[in-house]
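Take a look at the structure set out below.
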Amino acid sequence: DNTRKVHIVYMGEKQHSNLKLITDSHIDMLASVVGSKEAAVKSMIYSYQHGFSGFAAMLSKDQAKMIAELPGVVHVTRNQLHSLQ
Amino acid sequence: TTRSWDYLGLSTHYPSNLSHKAKKGDGIIIGFFDSGVWPESEVFDDEGYGPVPTRWKGHCDSGQLFNATADCNKKLIGAKWFIDGFLAENKEPFNTTEKPDYLSPRDVVGHGTHVSAIAAGSFVSNTSFKGLGLGLARGAATRARIAMYKVFWNVGPVICSSADLLRAFDEAIHDGVDLLSLSIGSFVPLFSDVDERDGIAIGAFHAVAKGIPVIAAAGNTGPHAQTIQNTAPWILTVAASTVDRSFPTLLTLGNNITIMGQALFAGKEIGFTGLVYPETSELVYPSFCESLSFNNTSVDGKVVLCFTTVGSRAVLTTAASAVREAGGVGVIVARNPSDMLGSCGNDFPCVVVDYELGTQILFYIRSARSPTVKISPSKTLVGNPVATKVADFSSRGPSSIAPAILKPDIAAPGVSILAASSPAYPFEAGGFSILSGTSFSTPHVSGIVALLKAIQPNWSPAAIRSAIVTTAWKSDPYGEPIFSEGSTWKLADPFDFGGGLVNPNKAAEPGLVYDMGTNDYIHYLCAVGYNDSSISLVVGKVTTCPGTKPSILDVNLPSITIPNLSKSVVLTRTVKNVGSVNSMYKSLIVPPIGISVSVRPQTLIFNSTTNRVSFKVTFTTTHKVNTRFYFGSLTWTDGFHAVTSPISVRTQIIQSYTDDN
Chain A
694 DNTRKVHIVY MGEKQHSNLK LITDSHIDML ASVVGSKEAA VKSMIYSYQH
744 GFSGFAAMLS KDQAKMIAEL PGVVHVTRNQ LHSLQ
Chain B
6 TTRSWDYLGL STHYPSNLSH KAKKGDGIII GFFDSGVWPE SEVFDDEGYG
56 PVPTRWKGHC DSGQLFNATA DCNKKLIGAK WFIDGFLAEN KEPFNTTEKP
106 DYLSPRDVVG HGTHVSAIAA GSFVSNTSFK GLGLGLARGA ATRARIAMYK
156 VFWNVGPVIC SSADLLRAFD EAIHDGVDLL SLSIGSFVPL FSDVDERDGI
206 AIGAFHAVAK GIPVIAAAGN TGPHAQTIQN TAPWILTVAA STVDRSFPTL
256 LTLGNNITIM GQALFAGKEI GFTGLVYPET SELVYPSFCE SLSFNNTSVD
306 GKVVLCFTTV GSRAVLTTAA SAVREAGGVG VIVARNPSDM LGSCGNDFPC
356 VVVDYELGTQ ILFYIRSARS PTVKISPSKT LVGNPVATKV ADFSSRGPSS
406 IAPAILKPDI AAPGVSILAA SSPAYPFEAG GFSILSGTSF STPHVSGIVA
456 LLKAIQPNWS PAAIRSAIVT TAWKSDPYGE PIFSEGSTWK LADPFDFGGG
506 LVNPNKAAEP GLVYDMGTND YIHYLCAVGY NDSSISLVVG KVTTCPGTKP
556 SILDVNLPSI TIPNLSKSVV LTRTVKNVGS VNSMYKSLIV PPIGISVSVR
606 PQTLIFNSTT NRVSFKVTFT TTHKVNTRFY FGSLTWTDGF HAVTSPISVR
656 TQIIQSYTDD N
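Next comes the structure, spelled out in structure tokens:
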């Protein structure tokens with residue numbers, strides 16, 4: 694599916710320390726946009742849960758827009774490349 | 006490295022220096038986000054190390070040619086690799102046969118090995134690059150532990166994705182690193198501080214909020230102004246300078262004139278042989294090193310002279326390849342600056358001279374019937390009279406995001422740094438290579454931060470940054486001025502080197518620090534206009550910016566940068582006493598040209614009940630036109646300490662106006 698690209702959903706400082714709850718909440722949020730938990734698990738690349746909250750997932754432009762409007766989301770942006778110096 | 010720690014005053018011979026006080030960084034864990042490690046390198050030797058700190062929650066992951074049990078030890082205590090974000094982006098498998106790499110923490114390009122060795126490599130005696138730069142290689146914090154998070158992949162360019170980088174932050178914070186060293190940059194235009202496309206600023210914010218200093222590269226897009234990267238005020242941003250070491254390489258022309266170029270040429274002397282400058286028949290364009298062609302010139306068995314305006318090391322290898330393929334035996338590259346060296350492989354001499362010396366050679370070629378040259382092997386020159394310069398490639402301030410936040414913060418050695426490498430890297434010798442870049446100045450500061458953390462575990466990342474900035478050398482360790490390489494040479498200013506050249510021993514005793522915590526960063530985020538809800542989420546608590554927007558000039562930095570002074574402005578700073586409990590500091594101002602500066606109060610008194618004091622500084626411009634930045638300084642001194650903040654002020658009568666000011 695070429696319309697889906699890596700996006701990062703940034704949700705700021707984590708709200709609690711239960712890692713399973715954090716990941717579950719990320720999957721639930723993603724499922725609400727991609728249609729099912731199975732699809733969410735498939736789309737998810739990383740669930741950020743220690744230093745801060747958020748996740749990286751394969752999303753279409755429209756899905757990214759929808760997630761950006763959900764409460765608790767600071768930003769949704771495309772992945773970016775970096776180089777050594 | 007074999008020279009920079011002596012140059013910076015951390016010689017193994019002097020027991021009173023910071024390295025000894027900090028027990029060589031024992032107990033400190035440095036996290037690196039880079040291209041991996043070559044675990045067999047002697048710099049990861051763990052002989053004599055005690056147990057891994059019990060607070061460490063990290064581990065090593067196995068993978069291609071990397072066995073976590075066998076390859077990690079008490080020195081290399083963490084090694085993980087993150088590639089899923091990169092693979093998802095590319096949507097195809099990573100062909101490591103076509104582009105050599107290992108799907109594991111193993112380092113194929115040598116960069117991560119080099120960087121981690123600079124900060125924390127163990128002692129390796131009699132180290133050199135084919136005899137050049139011979140000495141005792143070691144990191145700043147030789148007893149610190151290393152945790153490598155491999156996020157860079159060799160896909161032609163060596164790149165990483167933000168998704169993987171953020172994962173590395175997430176894991177490193179969890180694992181319990183004491184500081185993070187990122188020899189990473191992106192591209193101008195930059196993303197905002199709370200935009201995770203940047204990957205670094207957001208990850209760094211959360212690390213710093215948890216007390217983990219983040220040290221990052223200034224970038225290699227200098228010497229142009231406003232090219233600085235990693236500009237967030239919570240990051241310690243590092244520019245690159247040279248050290249007091251060079252590699253003079255004698256060129257003897259057929260007319261017996263000798264010229265001293267520079268090279269990493271460790272082969273046998275090239276006896277007198279033909280010397281050519283492959284001019285085109287039209288004589289319109291000079292022979293650029295990056296596009297050499299030899300249609301009209303035979304270079305077989307000869308040495309070729311070429312000119313270039315490109316400063317990168319790649320030009321050397323491009324020119325050397327072209328000459329070698331045409332049967333030539335050496336190349337002389339004329340360019341300015343001339344200290345960006347590189348090995349051209351197989352002991353093929355690629356000697357760099359500046360335009361003045363290059364022109365002398367050219368005039369000799371044009372005047373001689375059969376011009377010849379002899380190339381002697383490079384020597385190593387250490388100490389005086391090699392001057393210190395901020396490297397041409399080092400990205401310059403002011404910050405294009407927030408010009409009131411001085412960047413870079415500091416400069417450290419980043420030119421021709423000898424350290425461990427990967428045997429798979431083509432330009433290494435005996436497991437070591439000589440490399441240049443802000444990638445390599447960054448771990449110098451990381452190693453120093455590790456030492457500071459060892460003696461002052463409770464200092465915040467901002468306090469450490471302040472200690473480093475306010476105590477930096479403004480001149481080189483010999484007292485000579487530091488120049489800035491660029492299109493025209495000038496004395497280095499705060500946009501070249503921030504506070505100056507890092508002075509580790511002084512940084513250990515700063516006297517006063519400009520401390521900051523999460524509330525100060527909230528102040529900054531409010532000042533630059535982020536909304537309450539974004540800031541609340543970023544910091545994890547409900548935050549409301551004041552009704553009157555706070556001034557970015559009041560962010561409690563160890564520097565003062567005013568990019569748009571139109572008449573007069575007053576700013577506030579607060580210093581914390583970290584020296585003797587009872588002390589008194591007096592102010593000393595060097596005002597920028599045309600700017601009047603006054604401080605209230607002029608004396609700061611500290612005692613057992615007062616260890617933080619605020620002061621106000623008033624700036625008034627007398628200029629009547631938009632000016633460029635002028636520089637000065639504010640120093641607080643108690644007679645023993647000198648706590649110096651660089652001042653940069655630009656008068657803007659017309660605001661937001663571009664006129665090359």
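Residue numbers (my numbering), protein chains in the order written: chain A, 694 to 778; chain B, 6 to 666. All C-beta atoms in this analysis are idealised placements derived from N, C-alpha and C, irrespective of residue type, glycine included. Given the structure is predicted, the values throughout are model-derived calculations rather than measurements.
Residue range of the unbroken alpha helix (DSSP H) whose run includes residue i
i               : result
N510 of chain B : P509 to A512
K735 of chain A : K730 to S736
F502 of chain B : P499 to F502
V213 of chain B : I205 to A214
I178 of chain B : S167 to D180
V120 of chain B : H116 to A125
T523 of chain B : T523 to A532
Residue interval of the beta strand (DSSP E) (run including residue i)
i               : result
R605 of chain B : I600 to R605
S650 of chain B : A647 to T656
W641 of chain B : F634 to T642
N582 of chain B : S573 to N582
V474 of chain B : Segment P466 to T475 is the alpha helix (DSSP H) holding V474 of chain B; no beta strand (DSSP E) there.
A750 of chain A : G747 to L752
A245 of chain B : I240 to S246
S776 of chain A : L774 to L777
A417 of chain B : I415 to P418
I262 of chain B : First-last for I262 of chain B: undefined, no H or E at that position.
Bridge partner(s) assigned by DSSP for residue i
i               : result
F87 of chain B  : Paired residue(s): none; F87 of chain B is not in a bridge.
Q267 of chain B : B:P253 and B:V357
M589 of chain B : B:I610
K379 of chain B : B:T257
G335 of chain B : B:V308
Y154 of chain B : B:F38 and B:K85
G279 of chain B : B:T377
S480 of chain B : B:P486
R617 of chain B : B:K581
K394 of chain B : B:F488
K698 of chain A : A:L752
H229 of chain B : According to DSSP, H229 of chain B bridges with nothing at all.
Best match in the options for proximity to residue i [C-alpha to C-alpha]
i               : options                           : result
D305 of chain B : B:E295, B:T314 and B:V328         : B:V328
A122 of chain B : B:T523, B:S451, B:V160 and B:A206 : B:S451
V630 of chain B : B:T447, B:L570 and B:T302         : B:L570
E485 of chain B : B:G388, B:I233, B:A230 and B:D537 : B:G388
P555 of chain B : B:I527, B:I88, B:P568 and B:N159  : B:I527
T59 of chain B  : B:L171, B:D112, B:V182 and B:W10  : B:V182
G765 of chain A : B:A331, B:K546, B:T632 and B:T608 : B:K546
G136 of chain B : B:P428, B:V391 and B:K384         : B:K384
Q365 of chain B : B:P431, B:L411, B:F299 and B:Y282 : B:Y282
I460 of chain B : B:A209, B:T548, B:I658 and B:K26  : B:K26
F210 of chain B : B:I178, B:P228 and B:P194         : B:I178
A145 of chain B : B:A168, B:G14, B:P342 and B:S292  : B:G14
S661 of chain B : B:I598, B:S492, B:S405 and B:F502 : B:S405
S746 of chain A : A:K735, A:N711 and A:N695         : A:N711
L269 of chain B : B:F252, B:D169 and B:P466         : B:F252
M265 of chain B : B:T254, B:L258 and B:K273         : B:T254
A245 of chain B : B:T579, B:F502 and B:R633         : B:F502
T17 of chain B  : B:S130, B:L108, B:S46 and B:E52   : B:S130
A392 of chain B : B:Y590, B:G516 and B:S480         : B:S480
Of all the residues that make up the segment 154 to 183 of chain B, which are near chain A by a beta-carbon distance shorter than 9 Å?
For the segment 154 to 183 of chain B, the beta-carbon criterion of a distance under 9 Å to any beta-carbon of chain A is satisfied by V156, F157, P162, V163, I164, C165, S166, S167, A168, D169, L170, L171, R172, F174, D175, E176, A177, I178, H179 and D180.
Give, in chain order, every residue of the segment 216 to 232 of chain B whose Cβ lies closer than 7 Å to some Cβ of chain A.
A222, G224 and N225
The segment 704 to 738 of chain A: positions lying closer than 8 Å to chain B by Cβ
M704, G705, E706, K707, Q708 and I738
Taking beta-carbon pairs under 7 Å, can you tell me which members of the segment 85 to 98 of chain B lie near chain C?
The question asks about chain C, but that chain is absent: this structure's protein chains are A and B.
Taking any Cβ of chain A, which residues in the segment 391 to 410 of chain B have a Cβ under 8 Å from it, in chain order?
The residues in question: there are none.
Along the segment 229 to 261 of chain B, where does the CB come closer than 9 Å to a CB of chain A? Name the residues.
Q234 and A245
Count the CB pairs spanning the segment 123 to 131 of chain B and the segment 206 to 214 of chain B that are closer than 8 Å, and state whether there are at least three.
no
Using a Cβ-Cβ cut-off of less than 7 Å, list which residues of the segment 752 to 764 of chain A approach chain B; keep chain order.
none
Stretch pair the segment 228 to 237 of chain B + the segment 349 to 357 of chain B: three plus CB contacts closer than 8 Å:
no
Would the segment 531 to 550 of chain B and the segment 599 to 614 of chain B be scored as touching if the rule is three or more Cβ pairs under 8 Å?
no
Is the number of C-beta pairs between the segment 183 to 190 of chain B and the segment 727 to 739 of chain A that are closer than 8 Å three or more?
no
Can at least three beta-carbon pairs, one atom from the segment 590 to 606 of chain B and one from the segment 650 to 659 of chain B, be found at a separation below 8 Å?
yes
Below 8 Å, how does it come out for the segment 402 to 417 of chain B and the segment 492 to 507 of chain B: are there three or more Cβ pairs, yes or no?
yes
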